[in-house]
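Asks:
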Amino acid sequence: MFNASLTRAWLLTLLAFTSDIWAVQNKLSIRSVFDIKSAFCAIKTNDVLGLDNRNSALAGRGFGTASTNSMLLLENGINDISLELGSVNWFVNDNRQKKEDFNPQAYCHLSLIAYENGKSTTLQSLDVAINSDGEPYDKNGSVKGHQQSTAKIEKVLANDIEKGHFPDDYYNEHEYPKDMYVYRFTKAVKISGVPEWKWTKATPFTGSQEQIEALKEAYLKLWKAFASKDDNTVKAQLHESLSAWGLSTDTSPQEIYNEYDFTIHFKKDSFKMIPINWMDYRIEVMNKGRMVRFVNKSIPAFSPLTYLIKDDQNEEEIYYYAPIFSIVDGKFIPVI
Numbered sequence: 000m001f002n003a004s005l006t007r008a009w010l011l012t013l014l015a016f017t018s019d020i021w022a023v024q025n026k027l028s029i030r031s032v033f034d035i036k037s038a039f040c041a042i043k044t045n046d047v048l049g050l051d052n053r054n055s056a057l058a059g060r061g062f063g064t065a066s067t068n069s070m071l072l073l074e075n076g077i078n079d080i081s082l083e084l085g086s087v088n089w090f091v092n093d094n095r096q097k098k099e100d101f102n103p104q105a106y107c108h109l110s111l112i113a114y115e116n117g118k119s120t121t122l123q124s125l126d127v128a129i130n131s132d133g134e135p136y137d138k139n140g141s142v143k144g145h146q147q148s149t150a151k152i153e154k155v156l157a158n159d160i161e162k163g164h165f166p167d168d169y170y171n172e173h174e175y176p177k178d179m180y181v182y183r184f185t186k187a188v189k190i191s192g193v194p195e196w197k198w199t200k201a202t203p204f205t206g207s208q209e210q211i212e213a214l215k216e217a218y219l220k221l222w223k224a225f226a227s228k229d230d231n232t233v234k235a236q237l238h239e240s241l242s243a244w245g246l247s248t249d250t251s252p253q254e255i256y257n258e259y260d261f262t263i264h265f266k267k268d269s270f271k272m273i274p275i276n277w278m279d280y281r282i283e284v285m286n287k288g289r290m291v292r293f294v295n296k297s298i299p300a301f302s303p304l305t306y307l308i309k310d311d312q313n314e315e316e317i318y319y320y321a322p323i324f325s326i327v328d329g330k331f332i333p334v335i
């Protein structure tokens, strides 16, 4: 059975609707709010994925209305927000449909919104729809459907996918379509008043062999803590990440840690870490080189920190934890 654990972005999205984070008085909260119809859409802040509607696209619908915490991905000064739009046809196994053809009614709307003192302010927005030529365009910068947008627009490969690097029992080749292209719309936004996160002054990742080996060691250190089911060691290694998530959502680091359900999973006798085969992973560099992680070559959502447990029906499920690392004070630490 496939049951991947949620990334922080998705988990905090769910919390937005259950703990009323937006209503916190006198606390700054910045969130990316989106609405999607009949398309695949991915929301990014400074190159880092916040969330997408991949599951809906995989089901052939392409809908979604939600928000995600963006504040811990922002720094004081100039930042980028991006919206990547793709056709739902990429996810559908139907040779009668051209993969790149959009539903004429497809759209994706993204707003970066600050919430403070009971008030909300839209800092930047992107509103992408399909024009009469069947191509995505920015409605906010259009004149009678002709592109006049201030957004940077690129047609890019959605993910660099290679088959054969993920367990067959849990693999769906349509989840990350090979050779899929998306239209990326990016706008700059000036931000002030956010905390100075550790990643803002991180040493850039250059891809040197020394840095790659140090990054592998950081993953292995965390992998061993998971394998030992050592809550205290795991929490200690995630200290900076837990603190950042807590500060940006007005919750405690312990509350954030509890939401991962690691403690619950560690108590299961069936808990088993999957050994790391580095040939199954590639490096993804984000945010001007200040953030980096390993991602699975077949299913990029998965990281080297992947494990198996059995549910109450004794069926095996696969979970993962996918931190983002930065080089802080000369060593790699999870910052998100």
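Per numbering that gives the first Met the number 0, residue 0 is the first one in the sequence shown, and the count goes up by one each step. Every residue, glycine too, gets a C-beta built ideally from N, C-alpha and C.
(1) Please classify Ala-41: does DSSP put it in a helix, a strand, or coil?
(2) Going by beta carbon distance, what residues of the same chain come within less than 7 Å of Lys-118, once the five residues before and after it are set aside?
(3) Taking the C-alpha atoms as reference points, what is the distance between Gly-206 and Asn-116?
(4) How many angstroms separate the CA atom of Leu-82 from the CA atom of Ala-105?
(5) Bridge partners of Pro-176, per DSSP?
(6) Could you tell me the distance, in whole angstroms, from the CA atom of Ile-282 to the CA atom of Lys-36?
(7) Name, in chain order, the residues that DSSP records as bridge partners for Asn-102.
(8) Taking Ser-302 and Arg-292 to be in contact with their CB atoms under 8 Å, please state how far apart those CB atoms are, rounded to whole angstroms.
(9) Using the Cα positions of Lys-162 and Val-181, report the straight-line distance between them to the nearest angstrom.
(10) Spell out a yes or no on whether the stretch 70–79 and the stretch 243–253 are touching, meaning 3 or more CB-CB pairs, one atom from each, closer than 8 Å.
(11) Output the distance between the C-alpha atoms of Ser-240 and Asp-132, rounded to the nearest integer angstrom.
(12) Tell me the DSSP secondary structure of Val-193 in three-state form.
(13) Whether or not the stretch 148–158 and the stretch 44–57 are in contact is what I'm after, with contact meaning three or more pairs of Cβ atoms, one per stretch, closer than 8 Å; do they touch?
(14) Can you tell me whether DSSP reads Phe-265 as helix, strand or coil?
(15) Taking only the alpha-carbon atoms, compute the straight-line gap between Met-308 and His-108 and give it to the nearest angstrom.
(16) Going by the DSSP bridge assignment, what does Gln-210 pair with across the sheet?
(17) Where DSSP assigns a beta bridge to Gly-76, which residues make up the other side?
(18) Measure the alpha-carbon distance for Tyr-320 versus Leu-214 and round it to whole angstroms.
(19) Are the CB atoms of Leu-304 and Leu-221 nearer to each other than 8 Å?
(20) So, with DSSP's three-state summary, where would you put Asn-68?
(21) If contacts are defined as beta-carbon pairs under 8 Å, then Val-188 and Leu-122 qualify, I think. What distance do you get, rounded to the angstrom?
(22) Mind checking Glu-212: buried by the 16 CB within 10 Å criterion, or exposed?
(23) Which residues in the same chain as Pro-176 place their Cβ atom closer than 8 Å to its Cβ, once the five residues preceding and following it in sequence are excluded?
(24) At 4 residues or longer, and completely inside the stretch 106–162: list those alpha helix (DSSP H) runs for me, N to C.
Replies: In short:
(1) Residue mapping note: residue 41 aligns to position 42 of the sequence shown, counting from 1. If DSSP states are grouped into helix, strand and coil, Ala-41 belongs with the strands.
(2) Working through the sequence shown from its first residue, we reach residue 118 at position 119. Nothing meets the Cβ criterion.
(3) Taking the first residue of the sequence shown as position 1, residue 206 is located at position 207. Taking the first residue of the sequence shown as position 1, residue 116 is located at position 117. Approximately 43 Å, taken between the alpha carbons.
(4) In the sequence shown, the residue the question calls residue 82 occupies position 83. In the sequence shown, the residue the question calls residue 105 occupies position 106. Spanning the two alpha carbons is a distance of roughly 14 Å.
(5) Mapped onto the sequence shown, residue 176 falls at position 177. None, per the DSSP bridge assignment.
(6) The residue you call residue 282 lines up with position 283 of the sequence shown. The residue you call residue 36 lines up with position 37 of the sequence shown. Taking the straight line joining both Cα atoms gives about 32 Å.
(7) Locating residue 102 in the sequence shown gives position 103, counting from the first residue. Asn-102 is not bridged to any residue.
(8) For this step, residue 302 is matched to residue 303 along the sequence shown. For this step, residue 292 is matched to residue 293 along the sequence shown. With 8 Å as the limit, Ser-302 and Arg-292 qualify as a contact, their Cβ atoms being about 7 Å apart.
(9) In the sequence shown, counting from the first residue as 1, residue 162 sits at position 163. In the sequence shown, counting from the first residue as 1, residue 181 sits at position 182. Rounded to the nearest angstrom, the two C-alpha atoms are 20 Å apart.
(10) yes
(11) Position 241 of the sequence shown, counted from the start, is the residue given in the question as residue 240. Position 133 of the sequence shown, counted from the start, is the residue given in the question as residue 132. Each residue's Cα considered, the two are about 45 Å apart.
(12) On the sequence shown, residue 193 is found 194 positions in, with the first residue counted as 1. In the structure shown, Val-193 sits in coil (DSSP, three-state: anything other than H, G, I, E or B).
(13) no
(14) One-based indexing of the sequence shown puts residue 265 at position 266. Correct three-state label for Phe-265: helix.
(15) Sequence index remark: in the sequence shown, residue 308 carries index 309 (1-based). Sequence index remark: in the sequence shown, residue 108 carries index 109 (1-based). The sequence shown places Ile at residue 308, rather than the Met named in the question. Between Ile-308 and His-108, the C-alpha separation is close to 38 Å.
(16) Within the sequence shown, the letter at position 211 stands for residue 210. Answer is none; Gln-210 lacks a bridge partner.
(17) Reading the sequence shown from its first residue, position 77 is the one you call residue 76. Paired residue(s): Ile-190.
(18) Stepping through the sequence shown from its first residue, residue 320 is reached at position 321. Stepping through the sequence shown from its first residue, residue 214 is reached at position 215. Rounded to the nearest angstrom, the two C-alpha atoms are 16 Å apart.
(19) Here residue 304 refers to the residue found at position 305 when the sequence shown is read from its first residue. Here residue 221 refers to the residue found at position 222 when the sequence shown is read from its first residue. Yes, these two residues count as a Cβ contact at 8 Å.
(20) In the sequence shown, residue 68 corresponds to position 69, counting from 1. Note: Asn-68 maps to strand in three-state DSSP.
(21) Against the sequence shown, residue 188 aligns to sequence position 189. Against the sequence shown, residue 122 aligns to sequence position 123. Going by Cβ atoms, the distance from Val-188 to Leu-122 rounds to 5 Å, so yes, they are a contact pair.
(22) Locating residue 212 in the sequence shown gives position 213, counting from the first residue. Glu-212 is exposed by the Cβ-count criterion.
(23) If you number the sequence shown from 1, residue 176 lands on position 177. Taken in chain order, the residues that qualify are Trp-89, Phe-90, Lys-98, Ala-157 and Ile-160.
(24) none
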